[in-house]
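Trainee: Residue numbers for the sequence shown, in the numbering used here: 170 to 567.
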Amino acid sequence: MSKAADPQDFNLWSIAIPAFGPSLLFGIGEGAILPVIPLSARDMGSSLAGAALVVSLIGIGSLVSNIPASIITAKFGERLGMLGASALSLVAMLICVFSHNLWAFGAGVFLIGVASAVFHLARQSYLTEAVPPLMRARAMSTLGGVGRIGLFAGPFIGALLIHLVGLPGAYWVAAVAVTAAGVVAWWLPDLVNADGAAQAGPKVTVASLLATHRKVFLTVGIGVLLVSSVRSSRQVVVPLWADNLGLNPAVTSLIYGLSGAIDMLVFYPAGKVMDKKGRIAVAVPSMVLMGVSLLLMPLTTGAFSLLLVALLIGFGNGIGSGLIMTLGADYSPRNGRAQFLGIWRFMADAGGSSGPAILAGLTAAVTLPFGIAATGLLGLGAAAMLGYSIPRNRPVSR
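1. Let me know the alpha helix (DSSP H) ranges lying completely inside the segment 492–520, each 4 residues or longer, listed in chain order.
2. Under a three-way DSSP split, which group does T388 fall into?
3. Confirm the yes/no value for this check: CB of I229, any heavy atom of the ligand FAD, distance under 7 Å.
4. Who are the near neighbours of V224 in its chain, counting only those whose CB is closer than 7 Å to its CB and skipping five residues on each side?
5. Taking the C-alpha atoms as reference points, what is the distance between G319 and G511?
6. Take the Cβ of W513 as the centre, count every other Cβ of all protein chains shown within 10 Å, and call the residue buried at 16 or more, exposed below.
7. For E298 and T470, I'd like the C-alpha separation in whole angstroms.
8. Can you grab the Cα-Cα spacing for the pair L480 / I431, in whole Å?
9. Roughly how many whole angstroms lie between the Cα atoms of I184 and E199?
10. May I ask you to report which of helix, strand or coil DSSP gives H289?
11. Just the C-alpha distance for G282 and A553, rounded to the nearest angstrom, thanks.
12. Just the C-alpha distance for L166 and L547, rounded to the nearest angstrom, thanks.
13. In whole angstroms, what is the alpha-carbon distance linking G440 and P187?
14. Applying the 10 Å Cβ sphere with the 16-neighbour rule, what's the burial state of W182?
15. Are I559 and R448 closer than 8 Å when you measure CB to CB?
16. Could you pull out every residue in the same chain whose Cβ sits closer than 6 Å to the Cβ of S397, ignoring the five residues on either side in sequence?
17. Give me the residue from A291, S294, A507 and S258 with the minimum Cα distance to G277.
18. I believe G335 touches S192 by the beta-carbon criterion, under 8 Å. Please report the beta-carbon distance rounded to the nearest angstrom.
19. Do you know offhand how far I488's Cα is from I424's?
20. Using CA atoms only, rank isn't needed, just tell me which of G540, H382 and A472 is closest to G460.
21. Quick one: grab the DSSP three-state call for Y538.
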């Protein structure tokens, strides 16, 4: 490994295409297929509940693969991890295209989640190693923002091919996108750690990392779990409440899209604030805004008031772009970094999976307004946990 460059001389643009290009392409692939997975399942004879279960297989595949993905990345390196993930994702897309029964299709969707876990873990680990701590938040926010741009653009690109060849067109778009992501990853420059070579030490394991860093996992980690829970729930509450208000589906889509547009516009300034003012300067306002917005949502009575709340949710989520990855990078040790990030991503995915489930349970047991308000309280709880724990577990620059 070459000697690390002076952090003051580091230019994020110098690694922009190889570092962020695969993320954009992978995001386009995911965005192209997410809207059509339940439709494909329905075409194969699935019930509505079954189609929802098939969609959840992506999240399940990612959740159970995070820690194995960290071990793979630690053994083979970030670059080979991204290449392998792109190849596995391509295979999964082809399975989805050519499967003729629900079981095979479900297996393909599950493998997409597995590949996603490996890819996202590898790209986060790569940037953590390559970018100086002084620019880490900007790098991670840009990584998160670029992925969101891909997810936003993917459905529109997929729609063009769906118009020509039907639902399989979306999977072909995704297959091309993930293949292109692999090609770009192939040309990643040799990794030069921004902090120099790691010190030799005893071999780390997932168990040893859990024991050594248990205080971080039980404080900041719990905050991250709550953040993910609120973020995943916010994707559900806007369309559900719009439907509850009796809004036209086209109006609902417009409100959801505008919220997503605000989300995408603020990621880089938020990263710069985190680098200059500290992580807490973004972490707490982000979750307070989302928590308050969700508490206000049951009070909206029409399209305009719902739009205002949705825009506030989008802004709150947008300024938190890259927050989870940045915190994970901050606290990750030089020895065992990939495994640590695997545990971190597992906690985040666990929160992401639980959020909609909690919302559904509370809605079924009480009412939809109660479920949405409870999700807002989770957001305020996340703000309190991060506000309390980040200053008291200040990471050492690595």
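We put the beta carbon where it would ideally sit given N, CA and C, even for glycine.
Mentor: Checking against the coordinates, here is how it stands:
1. Counting only runs of 4 or more, we get 492–500.
2. In the three-state DSSP reduction, T388 falls in the coil class, being neither helix nor strand.
3. By its list of ligands, the structure shown contains no ligand whatsoever, and the ligand FAD lies outside what it can speak to.
4. Excluding residues within five positions, the ones whose Cβ falls inside 7 Å are I206 and P207.
5. Distance between the alpha carbons of G319 and G511 is about 23 Å.
6. Classification of W513: buried, given that the 10 Å Cβ count is 16 or more.
7. C-alpha separation (whole angstroms): 48 Å.
8. Going by the C-alpha atoms only, they are around 7 Å apart.
9. Straight-line Cα distance between these residues: approximately 23 Å.
10. Helix.
11. Note on geometry: alpha-carbon atoms of G282 and A553 lie some 31 Å from one another.
12. Here the chain covers residues 170 to 567 and nothing more, so residue 166 does not appear.
13. Approximately 20 Å between the Cα atoms of the pair.
14. Under this definition W182 is an exposed residue.
15. Yes, Cβ-Cβ distance for I559 and R448 is below 8 Å.
16. These residues qualify, in order along the chain: A517, G520 and G521.
17. Of the candidates A291, S294, A507 and S258, the one whose C-alpha sits nearest the C-alpha of G277 is S258.
18. With a Cβ gap of about 28 Å, G335 and S192 do not count as contacting.
19. Distance between the alpha carbons of I488 and I424 is about 19 Å.
20. Looking at the Cα atoms, G540 is the closest of the given residues.
21. Checking the sequence shown, residue 538 turns out to be Pro, not Tyr. DSSP places P538 in helix when its eight states are reduced to three.
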